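As given, the protein sequences belong to chains S and A, one line each in that order.
Heads up, the first sequence is in the working numbering, so the first residue is 8 and it goes up one at a time.
Heads up, the second sequence is in the working numbering, so the first residue is 79 and it goes up one at a time.
Virtual Cβ for every residue (Gly too), placed ideally from N, Cα, C.
The structure presented is a predicted model; accordingly, all values stated were derived computationally and were not measured.
Structure, as structure tokens:
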Amino acid sequence: DQQVKQNSPSLSVQEGRISILNCDYTNSMFDYFLWYKKYPAEGPTFLISISSIKDKNEDGRFTVFLNKSAKHLSLHIVPSQPGDSAVYFCAATKAGGTSYGKLTFGQGTILTVHP
Amino acid sequence: GAVVSQHPSRVICKSGTSVKIECRSLDFQATTMFWYRQFPKKSLMLMATSNEGSKATYEQGVEKDKFLINHASLTLSTLTVTSAHPEDSSFYICSALVLSSYEQYFGPGTRLTVT
Numbered sequence: 008d009q010q011v012k013q014n015s016p017s018l019s020v021q022e023g024r025i026s027i028l029n030c031d032y033t034n035s036m037f038d039y040f041l042w043y044k045k046y047p048a049e050g051p052t053f054l055i056s057i058s059s060i061k062d063k064n065e066d067g068r069f070t071v072f073l074n075k076s077a078k079h080l081s082l083h084i085v086p087s088q089p090g091d092s093a094v095y096f097c098a099a100t101k102a103g104g105t106s107y108g109k110l111t112f113g114q115g116t117i118l119t120v121h122p
Numbered sequence: 079g080a081v082v083s084q085h086p087s088r089v090i091c092k093s094g095t096s097v098k099i100e101c102r103s104l105d106f107q108a109t110t111m112f113w114y115r116q117f118p119k120k121s122l123m124l125m126a127t128s129n130e131g132s133k134a135t136y137e138q139g140v141e142k143d144k145f146l147i148n149h150a151s152l153t154l155s156t157l158t159v160t161s162a163h164p165e166d167s168s169f170y171i172c173s174a175l176v177l178s179s180y181e182q183y184f185g186p187g188t189r190l191t192v193t
């Protein structure tokens, strides 16, 4: 049962353009969402997060949008740079109890930014 | 961001031996750490939650007697793969949860190869 899904295995974008990475979830108990960037043979690097009480969070070139009713979130990177090329994972978690901090990851999307 | 280290980064061992992997939060304290496993071209799979001062909690299907976890201090958790088999070969990643936060920072990972 894949509770967090990234339906696009890969995305190719021209340098300077916008990259939009999408993520859907099925568990309505999730209330905090995170995006990570990962290179092969390395651990994920935290990028940005959003609480379910918000619908947008921005940090530099990265903006995350959350649509709770659609159970959908997206990561926008603008402008995209070749150094952004990596695998991007979205992750979700729910507050409190025994699940505190436990992340459920999507399958990842490989982003390639062409010069 | 916060820094998490793992040691060793790469280890090769023979079948039947045990291997210990260390995870340290370098500039913050973490009462909770997580251990993940990543198979080739797959997402990260949560194995267990490591709690300082108490027993680890394991995800369904993860053998607690095979994957021993010790969270000895607020900055150190260890994962010991006991009686390793070739199918235990994988990329193991730890993460540390920032106190009173949902944000997790990941270590660089450990590549285990069992021959």
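CA-to-CA, the gap between S93 (chain A) and Y95 (chain S) works out to about 34 angstroms. DSSP lists S:Y43 as the bridge partner or partners of F53 (chain S). For E165 (chain A), the secondary structure class from DSSP, reduced to helix, strand or coil, is helix. Inside the region 106 to 138 of chain A, DSSP marks whole beta strand (DSSP E) runs of 3 or more residues at positions 110 to 116, 122 to 129, from first to last along the chain.
Interface annotation, G185 (chain A): in contact with chain S, CB-CB separation under 7 angstroms. The Cβ of T100 (chain S) sits closer than 7 angstroms to at least one Cβ of chain A. Sequence-distant Cβ neighbours of R115 (chain A) in its own chain, meaning closer than 6 angstroms and more than five residues away, are M123, M125, S168, Y170.
Comparing C-alpha distances from H149 (chain A) to each of A:R189, A:C172, A:D105, A:S179 shows the shortest one belongs to A:C172.
Measuring C-alpha to C-alpha distances from S92 (chain S) to each of S:L28, S:V120, S:I25, S:W42 identifies S:V120 as the nearest.
Between the alpha carbons of L54 (chain S) and W42 (chain S) lies a gap of roughly 6 angstroms.
Interface residue (Cβ-Cβ distance to chain S less than 7 angstroms): I171 (chain A) is classified as such. At a cut-off of 7 angstroms between beta carbons, L122 (chain A) contacts chain S. Of all alpha-carbon atoms in A:Y180, A:I99, A:V81, the one lying nearest the alpha-carbon of R88 (chain A) is that of A:I99. The Cβ of E22 (chain S) sits no closer than 7 angstroms to any Cβ of chain A. Interface with chain A (7 angstroms Cβ-Cβ cutoff): E65 (chain S) is excluded. Residues of chain S with a Cβ closer than 8 angstroms to the Cβ of Q182 (chain A) are, in chain order, L41, F53, G108, L110. A distance below 7 angstroms between beta-carbons, with the five flanking residues on each side excluded, links G187 (chain A) to the following residues of its chain, in chain order: Q84, F169, Y170, I171.
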